[in-house]
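Here's the structure, in structure tokens; my notes come after.
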Amino acid sequence: MMRCRSYGSYALAVILAARAAAVAAPPPPGMVLIPAGEYVPLLREPSDPARIPVAAFWLDERPVTNGEFLAFVRANPRWRRSLIAPLFADGQYLARWAGDLEPGPRAPADAPVVEVSWFAARAYARWAGKRLPTIAEWEWAAAAGLRRADGRREPGFTAAVLAWYATPEPAVYPAAGSGRANLYGARDLLDLVWEWVDDFNTVLISGDSRGAGGTGMFCGGAAANNRDPSDYAAFMRAGYRSSLSASYTVASLGFRCARDAEAAAGMLTKADSPAPRPPEGDQTRSPFARLP
Amino acid sequence: MKNRKKSRYSFLAANSLLALGAAVLGYAPLRALLTGAGTVGAMVSAASAAPAAEAPAPPPAAAPAAAEANAEAPSADLGTARGVAPTPTLPVEQAVLTAPPHVPPPITRRYAAKVIVHLEVREVVKRLADGVEYLFWTFGGTVPGSFIRVREGDVIEFHLENSPGDKMPHNIDLHAVTGPGGGAASSFTAPGHSSQFTFQALNPGLFVYHCATAPVGMHIANGMYGLILVEPAGGLPKVDREYYVMQGEVYTAGAYGEEGLQSFDMAKAIDERPPYVVFNGAVGSLTGDNALTAKVGDTVRLFVGNGGPNLVSSFHVIGEIFDTVYQEGGLAVAQHNVQTTLIPAGGSTVVEFKVEVPGTYVLVDHSIFRAFNQGALGMLKVSGPENRLIYSGKEIDAVYLGSAADAGTAAGKREAELQAQIAEEIKTNPKIASLTKEAQMERGKRVFMQTCFACHQPDGKGLPGIFPPLAGSDFLVADHDRPIRIVTKGLTGPVTVKGQTFNNIMPPQVLTDQQIADVLTYVTNSWGNSAAPYTVDDVRRVKAAEVSQ
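Top line first, the protein sequences correspond to chains A and B. Anchor point for the first sequence: position 224 equals 224 in this note's numbering, and the numbering is continuous, going up by one each time. With the second sequence counted from 1, adding 292 to any position gets you this note's numbering.
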């Protein structure tokens with residue numbers, strides 16, 4: 001308990017320090033600084049660490065939009081809907097778009113892009129000079145409420161998160177970034193779309209959540225490995241991730257990008273240049289690669 | 293350094309997924325064939341609409357090889373062939389799935405078959421009660437989910453499909469499956485995807501199926517449960533009607549009846565305090581026009597499940613005695629002449645009874661507040677000729693006042709004292725004391741419409757010669773205290789109201805002092821009446837005077 005209580009002030013100190021630094025070095029456009037912290041995994045084997053340290057990192061303020069993804073597929077034809085290799089995305093890839101280069105009425109330019117595979121999200125991130133956040137990073141950023149690093153201690157936080165699961169999916173998503181900013185300035189983490197993370201499939205949860213495979217989430221001894229059996233939202237995120245494969249696309253699944261804080265500091269010297277890092281790897285190699 | 297480690301994990305992950313992706317690709321044509329063979333929720337497929345007892349149903353085109361081998365299949369009864377691996381020679385048929393309260397037709401074939409089940413998970417906003425909606429997670433678009441009927445020994449090829457518009461991954465644990473997780477791990481499916489697994493129905497019985505994705509309780513509470521019947525090899529005794537009823541609780545954030553789209557309330561679920569306990573997914577799903585029906589002389593069989601997630605059901609049909617109960621859904625042992633049978637959460641029962649007398653029979657959870665305050669109510673309407681020997685109907689209707697007529701007893705005094713205390717509390721509570729007359733009128737109207745209107749009529753005009761009018765009543769407003777005495781002590785004998793004589797009995801009313809003040813304020817200020825409002829003090833004073841006499 002003591003440790004938890006001091007946690008918030010620790011985080012606050014980090015933020016203040018980071019903000020002070022940010023005065024000298026402005027953040028990358030559209031990104032917010034998530035201070036260093038710790039992710040407490042929902043489930044773990046006794047041999048796993050109870051806490052996973054998270055270094056400070058930059059995180060996109062909001063999910064990637066259809067407009068931004070359009071720029072990516074313009075620059076990288078192989079990631080267009082009609083050209084993508086079937087290994088890298090299932091049949092519903094960008095299904096709501098009107099065409100290869102026309103998002104159309106069901107995918108407004110400022111709405112989060114959905115129906116993208118992990119491969120595609122990862123390729124976008126590389127093209128943008130970023131990467132996908134890890135589970136630990138994403139969960140640490142999303143654990144924050146409006147005023148505290150541990151949002152669950154804010155009244156209404158848990159209920160608001162759960163309410164999202166009780167809301168039907170809209171046919172057309174609202175603009176990304178229209179939600180309230182959390183403690184670190186990140187928006188829409190918990191109430192717009194699901195988001196890919198880099199290591200989504202490292203959660204070794206069996207499909208049967210009650211522990212038939214010994215790494216389950218409910219019942220019997222499995223409950224002992226469980227950080228907080230009442231954290232339903234965390235259960236659902238863990239369960240959701242474990243239902244995915246990297247080629248899957250889902251109507252409510254998008255992503256946002258992250259960047260190492262040190263790398264970002266390096267980038268700042270090049271802040272005058274809007275061009276991203278040259279693409280790496282054959283997934284993203286394109287003579288047209290540049291930011292819009 | 294940490295990051296390098298992470299990206300290596302990711303790289304490994306990607307590699308294994310590539311392999312998986314290739315496997316999926318190689319398997320895709322087969323899947324296309326299978327999904328093309330039938331659609332989810334098809335009420336009656338061509339193959340099984342008229343299941344022939346002697347000849348197997350023609351298999352779908354997907355399995356031409358099986359067609360030739362069918363000739364021998366009927367003689368091979370796998371119903372008792374425990375441990376025998378399913379052979380490819382089984383005839384293939386599509387399962388008939390039905391939405392509640394309907395049940396697929398009995399299985400008449402005498403041999404095992406390969407039965408293909410397509411069940412689609414859909415997250416849909418549905419009516420929970422009038423004006424109340426809830427985002428249900430469903431198997432087949434209904435709560436409970438589609439009824440599945442197979443035969444002992446059948447090999448079931450199960451396809452679970454998760455609708456592309458869904459938010460959550462889901463799976464299915466069928467209690468009819470022998471194997472770890474009941475199929476749950478093999479059927480874990482992301483939105484917009486499908487899974488397939490196969491099992492042999494070894495044990496006959498009526499089994500619950502449900503979603504087992506974390507958090508399990510929430511998935512069940514949101515409607516993810518249903519029934520699968522594994523008929524014994526010899527079938528069930530023939531009956532005239534079969535219906536599908538399943539109980540479940542709904543943990544809404546709002547109280548019972550609170551309108552709008554309600555969300556799931558985790559705290560109430562953990563505390564097991566459901567605002568709703570319902571049959572077939574909604575208040576009123578089996579009442580009025582939705583009632584089950586039968587004719588006099590029919591034998592009715594109810595397949596009853598309890599999805600829970602928490603509560604145990606005391607299942608009872610008011611006015612009927614179950615001739616036969618297959619307790620807990622096991623079909624081997626039958627109990628007879630049962631009034632109320634217990635259905636565990638995640639369990640079932642089969643009840644049979646012959647309906648002898650026409651009328652409406654009410655299905656309840658006899659943990660009875662659930663029936664009257666939380667929605668656990670259904671109806672079976674039986675039509676046909678009366679049978680006065682079995683049930684006479686009402687023969688005598690007389691007034692009986694009993695001890696309630698005597699307000700001078702010790703109990704009465706004690707009650708008056710307590711009422712006085714209540715009145716004092718009410719008087720000193722500033723919240724109530726500051727109520728305006730308008731608010732009092734509104735509350736009084738509510739009391740009137742619950743307690744008084746049946747005799748005095750909603751318009752206060754009463755019934756000529758029987759119940760005196762309150763509208764424009766000289767008798768009512770002549771004496772301010774008299775209405776208090778009438779309400780608290782009742783009134784017997786002749787009175788003259790608006791020039792007309794009435795000679796009847798009004799029993800004392802069991803109301804709080806506040807309710808009496810409210811309702812009298814309402815009736816003396818409605819329908820053209822006008823009088824000073826009644827206060828709790830007035831009521832207390834008159835009551836005290838009565839007791840001291």
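Virtual Cβ for every residue (Gly too), placed ideally from N, Cα, C.
(message) For a cutoff of 8 Å on Cβ pairs, would you count Y165 (chain A) as touching chain B?
(response) yes
(request) Please report the residue range of the beta strand (DSSP E) in which V161 (chain A) lies. (result) No beta strand (DSSP E) holds V161 (chain A); the alpha helix (DSSP H) holding it covers 157 to 165.
(message) Quick check: is the beta carbon of S252 (chain A) nearer than 8 Å to any beta carbon in chain B?
(response) yes
(message) Could you check whether the Cβ of M236 (chain A) sits closer than 8 Å to any Cβ belonging to chain B?
(response) yes
(message) Does E730 (chain B) pass the burial test, meaning 16 or more other C-beta atoms within 10 Å, or should it be called exposed?
(response) exposed
(request) Measure the alpha-carbon distance for I758 (chain B) versus T793 (chain B) and round it to whole angstroms. (result) 9 Å
(request) Just list the beta strand (DSSP E) runs in the segment 424 to 489 of chain B, keeping only unbroken ones of 3 residues or longer that don't cross its boundaries, in chain order. (result) 424 to 431, 439 to 443, 447 to 454
(request) May I ask you to report which of helix, strand or coil DSSP gives P775 (chain B)? (result) helix
(message) Do P396 (chain B) and L519 (chain B) have their beta-carbon atoms positioned less than 8 Å apart in this structure?
(response) no
(message) Tell me the DSSP secondary structure of G8 (chain A) in three-state form.
(response) Per-residue confidence for G8 (chain A) stands at a pLDDT of 47, beneath the threshold of 50, marking its modelled position as unreliable; the derived number appears in the next sentence. Three-state result, G8 (chain A): helix.
(message) Against chain B, does G179 (chain A) count as a neighbour if the rule is that its beta carbon must be under 8 Å from one of theirs?
(response) no
(request) Identify the continuous alpha helix (DSSP H) that holds F664 (chain B) and give its terminal residues. (result) 661 to 665
(message) Relative to the C-alpha of G185 (chain A), which candidate in A:P46, A:A50, A:P35, A:E61 has its C-alpha closest?
(response) A:E61
(message) Give me the subset of the segment 572 to 593 of chain B whose CB atoms are less than 7 Å from a CB atom of chain A, sorted by chain position.
(response) none
(request) Give the C-beta separation of T390 (chain B) and G573 (chain B) to the nearest angstrom, bearing in mind that I take them to be a contact with Cβ-Cβ under 8 Å. (result) So it is not a contact: roughly 15 Å between Cβ atoms.
(message) Here's a check: name, in chain order, each residue in its chain whose Cβ is nearer than 7 Å to the Cβ of T827 (chain B), leaving out the five neighbours to either side.
(response) A809
(message) Quick check: is the beta carbon of T327 (chain B) nearer than 8 Å to any beta carbon in chain A?
(response) Only weak support is given to the placement of T327 (chain B): the predicted model assigns it a pLDDT of 38, under 50, and the question is left unresolved by the model.
(request) Within its chain, find whatever has a CB closer than 6 Å to the CB of R680 (chain B); leave out the 5 residues flanking it on each side and keep chain order. (result) none
(request) Taking G239 (chain A) as the query, report the chain B residues whose CB atoms sit under 7 Å from its CB, ordered along the chain. (result) P461, T505, A506
(message) Is the beta carbon of V193 (chain A) closer than 8 Å to that of L146 (chain A)?
(response) no
(request) Using 10 angstroms around the beta-carbon of N795 (chain B), count the other beta-carbons present and answer buried if the total reaches 16, otherwise exposed. (result) exposed
(request) Quick one: residues in its chain with C-beta nearer than 6 Å to the C-beta of P53 (chain A), no 5 flanking neighbours on either side, listed in chain order? (result) E38
(message) When you compare the CB positions of D48 (chain A) and L132 (chain A), do they come within less than 8 Å of one another, or not?
(response) no
(request) Could you spell out the range, first to last residue, of the alpha helix (DSSP H) harbouring N66 (chain A)? (result) 66 to 75
(message) Here's the rule: buried if 16 or more other CB atoms are within 10 angstroms of the residue's CB, otherwise exposed. What is E415 (chain B)?
(response) buried
(message) Following a CB-centred definition, is G433 (chain B) positioned closer than 7 Å to any heavy atom of the ligand ZN?
(response) The ligand content of the structure shown is nil, which means the ligand ZN is not present either.
(request) Give the DSSP bridge partners of K686 (chain B), in chain order. (result) According to DSSP, which records beta bridges pairwise, K686 (chain B) is partnered with nothing at all.
(message) Distance check for A181 (chain A) and A175 (chain A), CA to CA, integer angstroms please.
(response) 14 Å
(message) Rounding to the nearest angstrom, what Cα-Cα distance links S818 (chain B) and R774 (chain B) in this structure?
(response) 18 Å
(request) Please name the residues in the segment 44 to 58 of chain A whose beta-carbon is closer than 7 Å to at least one beta-carbon of chain B, in chain order. (result) A55
(request) Look at D90 (chain A) and S247 (chain A) and say whether their C-beta atoms are less than 8 Å apart. (result) yes
(message) Please return the same chain residues whose Cβ sits closer than 7 Å to the Cβ of D830 (chain B), not counting the five positions on each side in sequence.
(response) I776, A809
(message) Under 8 Å: do the segment 627 to 637 of chain B and the segment 583 to 591 of chain B share three or more Cβ pairs, one atom per stretch?
(response) no
(request) Could you list which residues in chain B have their beta carbon closer than 8 Å to that of A248 (chain A), in chain order? (result) According to the sequence shown, residue 248 (chain A) is Tyr rather than Ala. Within chain B, the residues near Y248 (chain A) are A482, G484, H485.
(request) With a 10 Å radius around its C-beta and 16 neighbouring C-beta atoms as the bar for buried, classify G820 (chain B) as buried or exposed. (result) exposed
(request) Residues of the segment 92 to 108 of chain A with a CB closer than 7 Å to any CB of chain B: list them in chain order, please. (result) Q92
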